[in-house]
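Data first, discussion second: the structure below is written as structure tokens.
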Amino acid sequence: MTGYYDTLETRSKDERAADIGGALQVQIGQAQSLPGYAKTLKDVDASEITSVKALAKLPVLRKSDLTKAQAKTPPFGGFAMHAVNKYSHIFQSPGPIYEPGMIGKDWWGFGRALYAAGIGKKDIVHNCFGYHLTPAGMMFENGARAVGAAVLPAGTGQTELQVTAARDVGTTAYAGTPDYLKVILDKAEEMGVKLKISKAAVGGGALFPSLRQEYADRGIQCLQSYATADLGNVAYESEAMEGLIVDERVIVEIVTPGTGKPVKPGEVGEVVVTTLNPDYPLIRFATGDLSAVMPGVSPCGRTNMRIKGWMGRADQTTKVKGMFIRPEQVAALVAKHAEVSKARVIARRVGEMDTLTVQIESTDKRTNYDESVASVLKMRGIVEVVAPGSLPNDGLVIEDQRKYD
Numbered sequence: 003m004t005g006y007y008d009t010l011e012t013r014s015k016d017e018r019a020a021d022i023g024g025a026l027q028v029q030i031g032q033a034q035s036l037p038g039y040a041k042t043l044k045d046v047d048a049s050e051i052t053s054v055k056a057l058a059k060l061p062v063l064r065k066s067d068l069t070k071a072q073a074k075t076p077p078f079g080g081f082a083m084h085a086v087n088k089y090s091h092i093f094q095s096p097g098p099i100y101e102p103g104m105i106g107k108d109w110w111g112f113g114r115a116l117y118a119a120g121i122g123k124k125d126i127v128h129n130c131f132g133y134h135l136t137p138a139g140m141m142f143e144n145g146a147r148a149v150g151a152a153v154l155p156a157g158t159g160q161t162e163l164q165v166t167a168a169r170d171v172g173t174t175a176y177a178g179t180p181d182y183l184k185v186i187l188d189k190a191e192e193m194g195v196k197l198k199i200s201k202a203a204v205g206g207g208a209l210f211p212s213l214r215q216e217y218a219d220r221g222i223q224c225l226q227s228y229a230t231a232d233l234g235n236v237a238y239e240s241e242a243m244e245g246l247i248v249d250e251r252v253i254v255e256i257v258t259p260g261t262g263k264p265v266k267p268g269e270v271g272e273v274v275v276t277t278l279n280p281d282y283p284l285i286r287f288a289t290g291d292l293s294a295v296m297p298g299v300s301p302c303g304r305t306n307m308r309i310k311g312w313m314g315r316a317d318q319t320t321k322v323k324g325m326f327i328r329p330e331q332v333a334a335l336v337a338k339h340a341e342v343s344k345a346r347v348i349a350r351r352v353g354e355m356d357t358l359t360v361q362i363e364s365t366d367k368r369t370n371y372d373e374s375v376a377s378v379l380k381m382r383g384i385v386e387v388v389a390p391g392s393l394p395n396d397g398l399v400i401e402d403q404r405k406y407d
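Here our numbering is used: the first residue of the sequence shown is 3, the next is one more, and so on.
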């Protein structure tokens with residue numbers, strides 16, 4: 003397919019910034035009317051939140067916050083704009099945690115991802131994402147409707163029947179986890195059945211280069227997206243296959259794990275997302291995933307920010323010497339000293355004993371940080387002061403090097 007899903011994808015930097023500024027004021031104002039934000043946004047002047055930089059001043063909302071709120075005020079914890087019966091669907095993800103859903107045009111933001119994968123009105127999507135309780139199946143079905151494609155709601159399992167249905171219906175595109183398509187293709191080959199699938203939009207797991215190449219060798223272009231049950235589509239791949247392009251209905255920030263503080267451009271950090279969805283406004287929602295911003299714009303012509311994709315988990319809470327160390331504590335250690343730019347806690351095992359090493363990037367090698375480490379981390383360790391820029395750019399603030407096998 004040629005062209006773009008809509009004109010939003012090719013906006014100039016200034017146009018997008020202006021549009022985001024206006025949308026943010028409205029979204030913050032709506033969120034302030036909700037019980038879930040009664041404390042965190044109470045004293046915020048929505049008219050001043052007109053940029054991503056201003057947005058970064060607001061507190062981060064974590065999944066654990068949602069879980070606690072939902073336990074007190076089920077099912078949505080006071081974060082949804084409408085009464086429960088006004089939503090088209092209510093989903094339950096592991097936790098449990100509940101997410102609302104609606105069937106409005108491209109409500110989940112997957113139309114853009116499917117369009118970029120070349121899926122359109124002439125296609126029939128073999129949708130192998132689940133339809134039971136969790137929202138992935140409906141997310142991709144909603145996206146398929148947005149681009150005018152038909153859907154075979156296949157789910158997983160009963161592979162022979164999947165192959166038979168794909169042949170009889172003539173499905174031309176696949177939606178599902180990266181590895182399950184291979185299961186279907188291998189079974190079709192075993193049955194002597196030739197399928198028409200030539201496009202794939204995948205998510206929910208790692209798309210390894212070798213697997214992508216195997217699909218390409220079979221005549222299938224496979225592109226991936228990054229999404230969560232709470233947010234819908236966050237970023238997607240285009241035919242350029244250079245990073246993931248941020249969806250136009252969300253704002254993405256990359257922050258130091260355990261904080262809401264944006265990292266420097268290109269540094270690995272936690273993905274924090276603000277939705278522009280008026281039905282379910284999540285403000286600075288921390289995904290717990292690590293990624294990094296890529297410089298420049300995609301060769302495909304889409305101009306929004308790109309991220310490198312999933313690079314690990316940000317929740318690095320680790321138990322050392324019987325006590326938990328959390329990313330928030332490492333952030334507090336850094337904040338305690340103006341000359342410290344970054345810190346990394348390393349847990350090792352020597353013999354049968356846990357050891358703790360704290361590496362600190364500082365411009366002042368004369369300062370003794372032992373007491374700060376002891377007071378903030380609640381335990382002592384070996385402190386190593388290193389030059390700024392020395393620590394790896396991998397998003398880790400707590401590294402567990404212990405082996406138990």
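Just so you know, even glycine gets a beta-carbon here, dropped at the ideal spot from N, CA and C.
Taking 9 Å as the CB-CB cut-off, is residue i touching chain B?
| i | result |
| --- | --- |
| Asp-67 | The question asks about chain B, but that chain is absent: this structure has only one protein chain. |
With 16 as the cutoff for other CB atoms within 10 Å, does residue i come out buried or exposed?
| i | result |
| --- | --- |
| Met-193 | exposed |
| Ile-327 | buried |
| Glu-50 | exposed |
| Glu-386 | exposed |
| Glu-255 | buried |
| Glu-411 | What is shown of the chain runs 3 to 407, which leaves residue 411 out entirely. |
| Arg-368 | exposed |
| Leu-163 | exposed |
| Arg-404 | exposed |
| Leu-26 | buried |
| Thr-203 | Before going further, note that residue 203 is Ala rather than Thr in the sequence given. Counting Cβ neighbours within 10 Å, Ala-203 comes out buried, since at least 16 surround it. |
| Gly-5 | exposed |
| Asn-370 | exposed |
| Glu-191 | exposed |
| Ala-337 | exposed |
| Leu-246 | buried |
Roughly how many angstroms lie between the CA atoms of residue i and residue j, to the nearest whole one?
| i | j | result |
| --- | --- | --- |
| Leu-398 | Ala-316 | 7 Å |
| Gly-79 | Tyr-217 | 42 Å |
| Gly-38 | Leu-63 | 10 Å |
| Lys-184 | Pro-259 | 35 Å |
| Ala-177 | Val-171 | 15 Å |
| Val-195 | Val-165 | 8 Å |
| Asp-396 | Tyr-182 | 29 Å |
| Lys-198 | Ala-168 | 8 Å |
| Glu-101 | Ser-66 | 14 Å |
| Leu-60 | Asp-108 | 28 Å |
| Val-28 | Val-295 | 26 Å |
| Gly-159 | Ile-186 | 10 Å |
| Gly-120 | Lys-201 | 7 Å |
Could you name the residues that DSSP lists as bridge partners for residue i?
| i | result |
| --- | --- |
| Tyr-7 | Looking at the DSSP assignment, Tyr-7 forms no beta bridge with any residue, so it has no partner. |
| Met-325 | Val-322 |
| Met-355 | Val-352 |
| Met-296 | Arg-308 |
| Asp-94 | For the record, residue 94 in the displayed sequence is Gln; it is not Asp. In the DSSP output, where bridge partners are listed per residue, Gln-94 has Tyr-100. |
| Lys-344 | Glu-363 |
| Ser-227 | Tyr-238 |
| Val-387 | Ile-362 |
Can you tell me where the alpha helix (DSSP H) holding residue i begins and where it ends?
| i | result |
| --- | --- |
| Ile-186 | 182-193 |
| Met-313 | First-last for Met-313: undefined, no H or E at that position. |
| Pro-211 | 211-219 |
| Leu-163 | 161-171 |
| Ile-51 | Counting along the chain, Ile-51 falls outside any alpha helix (DSSP H), and DSSP gives it neither H nor E. |
| Gly-422 | For the chain, the structure presents residues 3 to 407; residue 422 sits outside this window and is missing. |
| Glu-250 | That residue, Glu-250, is in no alpha helix (DSSP H); it is neither H nor E in DSSP. |
| Ala-58 | Ala-58 -> no alpha helix (DSSP H), and no H or E assigned at all. |
What are the boundary residues of the beta strand (DSSP E) that includes residue i?
| i | result |
| --- | --- |
| Glu-272 | 271-277 |
| Ser-293 | 287-293 |
| Tyr-176 | 175-178 |
| Gly-103 | 99-103 |
| Lys-201 | 201-204 |
Would you check if the region 143-160 and the region 115-132 touch, i.e. whether three or more CB-CB distances between them fall below 8 Å? yes
If we count Cβ pairs, one from each stretch, closer than 8 Å, do we get three or more for the region 145-154 versus the region 89-102? no
Can we say the region 278-291 touches the region 318-325, given the rule of at least three CB pairs closer than 8 Å? no
Is the region 223-238 touching the region 285-301, taking contact as three or more C-beta pairs under 8 Å? yes
Any chance the region 301-314 sits against the region 340-347, with 3 or more Cβ pairs inside 8 Å? no
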